[in-house]
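Just add 10 to the spot in the sequence shown (first one is 1) and you have our numbering.
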Amino acid sequence: MIRSTTSPAPKDWTVLYYLAGNNNIADDMIKKMARLEQVGSTEQMDVVVQMGQPESGPFPGTTRFHVEKNPNPVRVRPEPVPPIPLKEAPSKRKEPLPQIYSKPVMNLGPMDMSQPSALQDFIEWGMKSYPAKHYFVVLMDHGYGFVGTIDDAVTHRSMSFPELSRTLSNVSEKTGKKLDVVGFDSCLIAQAEIADELAGTASYMVASEEVEYPLGWPEGNVMGALAKRLEKGSVSARQAARLAVKETAKDPAIKTMSAVDLSRLKPLHRALDRLAEALMKSELPKETLVKIVQETHNYCTVIPDETLCTDYRDLYDFARKLLSSPEVSDPAVRRAAFAVTSAVRLAVVAEAHPNEEAEGSHGLSIYLPTRGLLTNYDKSLTKNPHEHDSEALREGMTDRASLPEFRLWGRVYGDGRQKETNTVVNPKAIYKELKFAQSTLWDEFLEKLGG
């Protein structure tokens, strides 16, 4: 299908879905397409998709779609949540995949969608081909908090957040337009470190502090609500971000969701820097601080083993526990902790945690281990800490069982299978790449806490 070289008149919104499915959630991307087709594009809104699939999939390679409403929409039912860890791959699908109604706009062949250039090209193409007053980009794939997102099974690579930040900045520079909303249909992305990294690249970020499963966002709810609002009039970026939180929270599988105003992060950045400094200077006993940290609401608890992401803890809850502890009397610590609570309330413009188990959630988590900024054996690392070559890593491990904190469950497999795997990462090297670590004392505080 060849599109006209003349750009159409701008609509109110263009929503760009980046479905990176060349991994063990390939089938979920097909189901995502079916959900998007429950609403499709409208007179006020275009919905476009770039979907990656393994060569064995129904749309092998990388395909772009202009999403149309299916006259006979498919109601996709999520698969039951698998046991974690999943000991063996399912022998067959429980039900056939839905048929995609929308016709492909183009097929780009095999592509590593974890490469920044792939994402940048898609967004720029979407903005040029489907111009709008507002742009909402949704990235759908695995997420590991600050460690990265967007996996590719063939290259064993994921995209880092410094890479993502540069990519979105490049889009703004080339198009002259900043994204209105960047959303993450991924696990564990609503982190202070990630929001700080993305500041200036979009107006709002929508993401979850917790693991998302089994199919993440309910696209029919989100796109349907946006379409209905647009029929009544214009929708601002803030309204769209808040609406996404409200509609995703209606799905019982969603544990947490929040929208963050990326222009309001400077007070939080300053408050966290001062809190780190105050805690390092304080005479508060280490065992008391460790106890407060351990009592702070944490995430990734669906995984029974201790992993890196179980040290992701709700930031507001941590500051609130410092303030409520009778053992924390240091005025500097208390002032800084109060400033953190105020700054979180300023930055988080919408937050939902419909399940009681997430009662300690307030919209942003932070990396808060009690063992310091962990690293592992030097010879187990690849040259690029975001390239996950499992075989090479295993050769460098002398005792993998002693490093449970580095295990990321459910890594990527190109044939669409799910399988337990132990992928080792270097959180210290990755954390040190973040602007947040480079411009605050938080990483120094973590080193002292774990020392």
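Ideal Cβ placement from N, Cα and C applies to all residues, glycine included.
(request) Would you kindly work out how many angstroms separate the C-alpha atoms of residue 27 and residue 46, rounded to a whole number? (result) 10 Å
(message) Using the three-state DSSP reduction, which class does residue 374 fall into: helix, strand or coil?
(response) coil
(request) Have a look at 40, 266 and 56 and flag the residue whose alpha-carbon is nearest the alpha-carbon of residue 106. (result) 40
(request) Look at the alpha carbon of residue 310 and the alpha carbon of residue 457, and state the distance between them as a whole number of angstroms. (result) 22 Å
(message) With distance defined between alpha-carbon atoms, name the residue in 209, 371 and 295 nearest to residue 330.
(response) 371
(message) Less than 8 Å between the beta carbons of residue 159 and residue 149, yes or no?
(response) yes
(message) Could you check whether residue 363 and residue 265 sit closer than 8 Å to each other, using their CB atoms as the reference points?
(response) Going by C-beta atoms, residue 265 is nearer than 8 Å to residue 363.
(message) Beta-carbon within less than 6 Å of residue 67's beta-carbon, same chain only, minus the 5 sequence neighbours each way: which residues are those?
(response) 36
(message) For a test of the three-state rule: what should DSSP assign to residue 167, helix, strand or coil?
(response) strand
(request) Return yes when the Cβ of residue 285 is within less than 8 Å of the Cβ of residue 354, no when it is not. (result) Note that the C-beta distance between residue 354 and residue 285 is not below 8 Å.
(request) Answer yes or no: do residue 33 and residue 161 have a C-beta to C-beta separation smaller than 8 Å? (result) yes
(request) Return the Cβ separation of residue 44 and residue 108 in integer angstroms, given the expectation that the two are a contact with Cβ distance under 8 Å. (result) 4 Å
(request) Reducing DSSP to helix, strand and coil, say where residue 37 ends up. (result) helix
(message) Does residue 168 pass the burial test, meaning 16 or more other C-beta atoms within 10 Å, or should it be called exposed?
(response) Burial call: buried.
(request) Would you decide whether residue 64 is buried or exposed? Buried here means 16 or more other CB atoms lie within 10 Å of its CB. (result) buried
(message) Looking at residue 374: is its Cβ nearer than 8 Å to the Cβ of residue 451?
(response) No.
(request) Give the C-beta separation of residue 272 and residue 214 to the nearest angstrom, bearing in mind that I take them to be a contact with Cβ-Cβ under 8 Å. (result) About 6 Å separates the beta carbon of residue 272 from that of residue 214, a gap short enough to meet the 8 Å contact definition.
(request) Assign residue 437 to one of two classes, buried (16 or more other C-beta atoms within 10 Å of its C-beta) or exposed (fewer than that). (result) Around the beta-carbon of residue 437, 16 or more other beta-carbon atoms lie within 10 Å, marking it buried.
(request) Compare the Cα-Cα distances from residue 321 to each of 304, 327, 291 and 333 and report the closest residue. (result) 304
(request) Report yes if the CB atom of residue 275 is closer than 8 Å to the CB atom of residue 217, and no otherwise. (result) No, the Cβ-Cβ distance between residue 275 and residue 217 is not below 8 Å.
(message) Does residue 285 come out as helix, strand or coil in the three-state DSSP assignment?
(response) Three-state DSSP puts residue 285 in a helix.
(message) For residue 163 and residue 312, I'd like the C-alpha separation in whole angstroms.
(response) 24 Å
(request) Give me the Cα-Cα distance between residue 54 and residue 78, rounded to the nearest whole angstrom. (result) Distance between the alpha carbons of residue 54 and residue 78 is about 13 Å.
(request) Just the C-alpha distance for residue 184 and residue 156, rounded to the nearest angstrom, thanks. (result) Rounded to the nearest whole angstrom, the C-alpha separation of residue 184 and residue 156 is 26 Å.
(request) Could you confirm whether any beta carbon from chain C is found closer than 8 Å to the beta carbon of residue 106? (result) The structure shown contains no chain C, having only a single protein chain.
(request) Please report the residue range of the alpha helix (DSSP H) in which residue 257 lies. (result) 247-258
(message) On the DSSP bridge list, what partners appear for residue 135?
(response) According to DSSP, residue 135 bridges with nothing at all.
(request) Could you check if residue 42 is buried or exposed, using at least 16 other CB atoms within 10 Å of its CB as the buried criterion? (result) buried
(request) Give the straight-line distance between the Cα atoms of residue 395 and residue 238, rounded to the nearest whole angstrom. (result) Since pLDDT at residue 395 reaches only 41, below the 50 mark, its modelled position is unreliable, and the value read off the structure follows with that caveat. When rounded, the distance between both Cα atoms is 44 Å.
(request) Could you work out which residue in 293, 368 and 251 is closest to residue 262 when comparing CA atoms only? (result) 368
(message) Considering only the alpha carbon of each residue, which of 268, 70, 24 and 30 lies closest to residue 220?
(response) 268
(message) Please determine whether the Cβ atom of residue 358 lies at a distance below 7 Å from any heavy atom of the ligand MN.
(response) What this structure holds is no ligand at all, so the ligand MN is not there to describe.
(message) Does residue 213 come out as helix, strand or coil in the three-state DSSP assignment?
(response) strand
(request) With DSSP collapsed to three states, give me the class of residue 326. (result) helix
(message) In the DSSP output, what is residue 268 paired with across the bridge?
(response) 217 and 361
(request) With DSSP as the reference, label residue 452 as helix, strand or coil. (result) helix
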